[in-house]
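Residue numbers (my numbering), protein chains in the order written: chain A, 512 to 1011; chain B, 512 to 1011.
A virtual CB, placed ideally from N, CA and C, is assigned to each residue, including glycine.
The structure displayed is predicted, hence computed values, not measured ones.
There are 2 protein chains.
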Amino acid sequence: MSDTTPAAYDDLLDRVGRITNVSNAAGLLSWDQQVMMPDEGTPARSRQLSALSAVEHDLLVDDELGHLLDELEAADLTADERAVVREVRREQERAVRVPTDLVERVSAASSEALTAWREATDADDFETFAPHLRELIDLKRRYAEHIAPDRDPYAVLFEEYEPCLSLEHAESVLTTLREAVVPLVDDIRGADANLATDTFDGTFPSDQQESLMRDVLDDLGYRWERGRLDVAPHPFSTGTTYDARITTRYDEADPVGALLSTVHEFGHATYTLGLPDEAYGTPLGEARDLSIHESQSRLWENHVGRSRAFWERFLPRVVEAFPGVGDPSVREAYEAVNAVDPTNLIRVEADELTYHLHIVLRFEIERDLIRGDLDVAEVPAVWNDKMDSYLGVRPETDAKGCLQDIHWSHGNFGYFPTYSLGSVIAAQLFDAADRDLDGLDDAIRAGEFTSLHDWLTDRIHRHGKRFETNELVARATGDDVSADAFVDYATEKYGTLYGL
Amino acid sequence: MSDTTPAAYDDLLDRVGRITNVSNAAGLLSWDQQVMMPDEGTPARSRQLSALSAVEHDLLVDDELGHLLDELEAADLTADERAVVREVRREQERAVRVPTDLVERVSAASSEALTAWREATDADDFETFAPHLRELIDLKRRYAEHIAPDRDPYAVLFEEYEPCLSLEHAESVLTTLREAVVPLVDDIRGADANLATDTFDGTFPSDQQESLMRDVLDDLGYRWERGRLDVAPHPFSTGTTYDARITTRYDEADPVGALLSTVHEFGHATYTLGLPDEAYGTPLGEARDLSIHESQSRLWENHVGRSRAFWERFLPRVVEAFPGVGDPSVREAYEAVNAVDPTNLIRVEADELTYHLHIVLRFEIERDLIRGDLDVAEVPAVWNDKMDSYLGVRPETDAKGCLQDIHWSHGNFGYFPTYSLGSVIAAQLFDAADRDLDGLDDAIRAGEFTSLHDWLTDRIHRHGKRFETNELVARATGDDVSADAFVDYATEKYGTLYGL
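Structure (structure tokens):
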């Protein structure tokens, strides 16, 4: 703080600290619910989470907080202080503008939609879900209208997940991606390469997978004194710079799934752990939203965990843990973890490349739904047509088509693009790190990850929310957020793999 | 709710629900801290817990809550509604009367006192702890003065832990206990019985102890779908009626320690699980304070877990789990878990009988400290004199004397008596259950605990805070809270064991 920092700034930090701590408490409750809670604990846990969410909301809409922000926006502050005020104002403004009863209606509607979505998916019956989807779209449009009545409602909703990169910018990235990936996948489909996709066929007991995961996390430099590894049905990472936990799951038929998923969650956790201790409880101690978070997980998953150098180091460990895999070559392992499967229909099972087409499709559909350019009834047909057009396959059921993801039943419209944005930023960051650090590939091969950790901490983690997304990326890499690095990387990688 | 229930009552329930849920969230954070949290998580966790505690306090002192209570105290309510209002008022009044800065000073002082206490205990140096104890006594006296300036400050502090049984009543129970137990221990010291205290000598791996605990908890009827068993350095139980968790610890030299401690915590958890689901979030869904809670843990630990019938059932399991114990008789097992050791200096290691003298001693000292009748400097000498007078032993060090317990360094004065109150109420309840239920002893021997569960749920658990402590006990047993049942039970039990 500067000498001239007004007293109001301390008041602001007190209030923000409380809000953040209540929110972090909710994060822990949610972790516990997914990892530790006994089966019948839900009714109490739901009410505890609602209470914390209501408390957080009340603290955020408190008039006094608004007055402090008014005063501080007119004050002479340091750049860091201005960043704190900017970030708190953004949160506060949204909270103030959306009426509580609308928030509650969204919450109630998504709770019902979730049940309907589960039934619809089990029965492969889109009609069961359609009215709920329609209601959620209607509610979220009204939600967006409260925040900014004159703006594109989808752009407003997108900001829930990526508040400081414009939708125009994001859309141009996604368009570039689509235009590059569709023909690349087409070329791959036409190639006569025969990749070793059966390298890791077999049965892999969960206990041994877990011990391999712990070994890999040791090597990557996970700080166990500030973390844990547990099992959850849907892997995630959560926590604070003092305590950032990873979850994973084990499929006994697929050791690579758990490995890459664990490395992915490690990337999230290591970002959280790289946030500065001393800024805990303020925006400077918090992660810069979803696309940057996803850039960290995907950098570790794709640029480290799917690299040939990584497999040179880790293949012997996998073979040692699972002698049943025989004696595959590094090339065979590398092919198995990087093979492209354009016939796959499911986003969460997609390879690194086709993944983006699954995202672009969802983005285009949800954008048009929210803008009113597409009716809910048309979703299955449009979904299938786009699958055909982008990937050359048509789902035979809606369960394997437009019903496969949970996001819309949560009322989350605008979330999907952040996955692809994360990937393209990961490619930019890895490129830049590779330029800055001598022999990054050799370091990965040697299991020496300190220089990469340090680089990421210096360029990304330690800043928290100091910079907005594009500025953060530009300072780290020299370039604006763009798909170019990913396209170059993918063209080279898959060109080599498939002999294109 | 009756037809005439005023709208203010719904408002009250909303507010109380939020307060309870925030408090339960803090309970989960605290469980996690002791069971799951990585080593370096403390700084964030402390701030999260402070934030929740501040939120809870702010909700409790909100003027609007006071107005609702004023209105409802004058309204025509059902008995249950009146009970709810009474309980909320008690909490609210304390919160309103004690200034926030005093609460924060107690919290800061006890945080420092805790560190000093650890040093003092390690170095066996009471002087290191004395100034902190003095400060905490001073602060807690002021605390009591804010609540009720004209009353005995110790009586006021006692109400933090046992708010609805008068100190006079409690004191007469403790006096009866002392007057009965001192001569009984004296008789035991003089008896020439030679109990089989070495029945469970040996080494007992933690893994096998844990699997035995799970087996025992199954048999006792622990509802795993609403619970968990984990390890913690200091065993405890916590949670809600939907999710009541047990912790324990394993000493590889002592399988009986973990067994009785687990059964004790099971007793706490089963009380929590017996609270009515439909009253969750209101005082009618919450446990009636510490002495009733302790009565449940001690009923299961002492009247079930230390009974001969229990060992008739469980000894074969113990022998199966640990063949190294050989082939002891039920009598030998029963003697081993019930032997009295008047030479033991440590409360938490005390047998069921001498335990109460450890409590009476602490009660008398803390009462006199708070009343200003005893100076901190005199504590070691008074402690040792009382040990000599009640138990016939003198600690050679303060570490094994007046420094052994953590309670005072937390600023908890008035807590100790609830342990003995719990024991005497347990004896009363078990007596009453034994009268009401045919063949309770046979049921325990057969591992049939349903009738006891049902009786306890009907008489105690389902009422939550509906009745005040003495009324609850009187309705369940026909008698006011009293040491008589315990004294009869102990006289008979130890008379038989020691041939008195």
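To the nearest angstrom, report how far apart L902(B) and E763(B) are at their CA atoms. 29 Å
Considering only the beta carbon of each residue, do E469(B) and K976(B) sit closer than 8 Å? Residue 469(B) lies beyond the residue range present for chain B, which begins at 512 and ends at 1011; the question has no answer from this structure.
Classify D705(A): buried if its beta carbon has 16 or more other beta carbons within 10 angstroms, exposed otherwise. Checking the sequence, you will find Asn at residue 705(A) rather than Asp. Result: exposed.
Closer than 7 Å: V887(A) CB and nearest the ligand FAD heavy atom: The model on display carries no ligand, and the ligand FAD is accordingly not part of it.
Chain B contact for D754(A) (CB, 8 Å cutoff): yes
Is R756(A) helix, strand or coil by DSSP? Strand at R756(A).
By the three-class DSSP mapping on this structure, what secondary structure does V527(A) have? DSSP places V527(A) in helix when its eight states are reduced to three.
Check whether the Cβ atoms of Y866(B) and G552(A) lie closer than 8 Å to each other. Against a cut-off of 8 Å, the Cβ pair of G552(A) and Y866(B) comes out as no contact.
Q915(B) to W628(B), Cα distance in whole Å? 9 Å
Identify which residue in A681(B), S677(B), P787(B), E863(B) has its Cα closest to the Cα of G768(B). E863(B)
Beta carbon of V533(A) nearer than 8 Å to that of V935(B): Cβ atoms of V533(A) and V935(B): not closer than 8 Å.
Would I803(B) and I955(B) qualify as a contact pair, given that the criterion is a beta-carbon distance under 8 Å? Cβ atoms of I803(B) and I955(B): not closer than 8 Å.
Within a Cβ cutoff of 6 Å, which residues of the same chain sit near Q720(A), ignoring the five residues on either side of it in sequence? Y761, P766, A769
What residues match up with S748(A) in a beta bridge as DSSP calls it? I757(A)
Short CB-CB distance (under 8 Å) between L571(B) and chain A: no
Let me check understanding here. Comparing Cα to Cα, which of V887(A), D718(A), I757(A) lies closest to H745(A)? I757(A)
Can you check whether the C-beta of Q559(B) is within less than 8 Å of a C-beta belonging to chain A? yes
Can you grab the Cα-Cα spacing for the pair G785(A) / A518(A), in whole Å? 29 Å
So, helix, strand or coil for L856(A), using DSSP? coil
In three-state DSSP terms, what is D762(B)? DSSP places D762(B) in strand when its eight states are reduced to three.
Please report the distance separating the alpha-carbon of Q807(A) from that of F777(A). 9 Å
Span of the alpha helix (DSSP H) around V992(A): Note, V992(A): premise wrong, no alpha helix (DSSP H); not H, not E.
Please name the residue, chosen from Q544(B), L668(B), G1006(B), that lies closest to F747(B) on a Cα-to-Cα basis. Checking every option, the nearest Cα to that of F747(B) belongs to Q544(B).
Counting only Cβ pairs nearer than 7 Å, list the residues of chain A close to A555(B). N535, T751, Y753, D754, Y791
Residue from D612(B), R905(B), F825(B), S677(B) whose Cα sits closest to the Cα of E654(B): Looking at the sequence shown, residue 654(B) is not Glu but Tyr. Checked all of D612(B), R905(B), F825(B), S677(B); the closest Cα to Y654(B) is D612(B).
Identified DSSP bridge partners for L740(B): I757(B)
Pairwise C-alpha distance: V774(B) and N813(B): Taking the straight line from one Cα to the other gives about 9 Å.
Inside the stretch 943-993 of chain B only - alpha helix (DSSP H) runs reaching at least 4 residues: 951-956, 961-970, 980-988
Per-residue contacts from M548(A) into chain B (C-beta, under 7 Å): D754
C-beta neighbour in chain A for L540(B), strict 8 Å: yes
Where do the N-terminal and C-terminal ends of the alpha helix (DSSP H) with T637(A) fall, by residue? Position check: residue 637(A) holds Phe in this sequence, whereas Thr was assumed. Counted as a single uninterrupted DSSP element, the alpha helix (DSSP H) harbouring F637(A) occupies residues 637-658.
Can you list, in chain order, the residues of the stretch 679-708 of chain A whose Cβ is nearer than 9 Å to any Cβ on chain B? Answer set for the stretch 679-708 of chain A: empty.
List the residues of chain C whose Cβ lies closer than 7 Å to the Cβ of N981(A), in chain order. Looking for chain C here will not work: the only protein chains present are A and B.
Measure the Cβ-Cβ separation of I648(B) and Y1005(B) and say whether it is below 8 Å. no
Determine, for D543(A), whether the minimum Cβ-Cβ distance to residues of chain B falls below 8 Å. yes
Could you say if the stretch 715-734 of chain A and the stretch 825-833 of chain A meet the contact criterion of at least three C-beta pairs nearer than 8 Å? Yes: the two stretches touch, three or more of their Cβ pairs being nearer than 8 Å.
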